[in-house]
Amino acid sequence: MDQTSERLLERAHWLGYLGLLPFYSGMALMILLDDTRLVAQAIHSYAAIILTFVGAIHWGRALDSNDATLLSFSVIPSLIAWCSLFLEPYEGLPLTAIAFVMLLFFDRNLYLEMGWFKQLRTRLSILVCTLLSVSWLYI
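Just so we're aligned: the sequence shown equals residues 261 to 399 in the working numbering.
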């Protein structure tokens, strides 16, 4: 791997894990506060944003590979995320967690040639689902 690729790989890992900070801080606030409504709503909204972001990865890949099927699929995560926002966090957090798991299984088959990405996505998705689940317990 050349130096640019190593730098890109390192940056992808850093940014991916930094993206977990709102989930971690939200979960901590859920545990510490008595009134968790606003925090639960913020976590739910952020989960919807990140779910949309992960779907957008497929949009870019579909355009790059001229894949109309993948392009069509790429909007499903954002539609699920948007629909989840009509629900209270008690229902919306599990829905987004399930969507992250489903998307992970799809991604694991799609990105076989990108081992580092598959590994990073798996770790991040497991952490996101765990943090969403723990946060949900404190609603």
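Glycine residues also receive a C-beta, built at the ideal position from the N, C-alpha and C atoms.
Could you work out which residue in the options is closest to residue i when comparing CA atoms only?
i, options, result
"residue 311", "293, 288, 357 and 272", "357"
"residue 279", "394, 397, 381 and 395", "381"
"residue 390", "374, 298, 303 and 371", "303"
"residue 281", "399, 379 and 392", "392"
"residue 327", "370, 343, 268 and 398", "370"
"residue 308", "344, 276 and 348", "344"
"residue 340", "365, 348 and 352", "352"
"residue 396", "272, 271, 374 and 348", "348"
"residue 350", "368, 361 and 296", "296"
Apart from the five residues on each side of it in sequence, which residues of its chain come closer than 7 Å, Cβ to Cβ, to residue i?
i, result
"residue 394", "287"
"residue 329", "none"
"residue 289", "299"
"residue 399", "296, 300, 349 and 350"
Near residue i, which residues of its chain fall below 6 Å by C-beta distance, leaving aside the five closest residues on each side in sequence?
i, result
"residue 266", "none"
"residue 334", "315, 318, 319 and 322"
"residue 383", "none"
"residue 342", "none"
Provide the residue span of the alpha helix (DSSP H) that contains residue i, from first to last.
i, result
"residue 350", "349-370"
"residue 394", "375-397"
"residue 331", "328-333"
"residue 339", "336-344"
Beta-carbon within less than 8 Å of residue i's beta-carbon, same chain only, minus the 5 sequence neighbours each way: which residues are those?
i, result
"residue 387", "280 and 283"
"residue 363", "311, 314, 315, 337 and 385"
Point to revise | Unbroken stretches of the alpha helix (DSSP H), 4 residues or longer, contained in the segment 279-322 | key: 281-292
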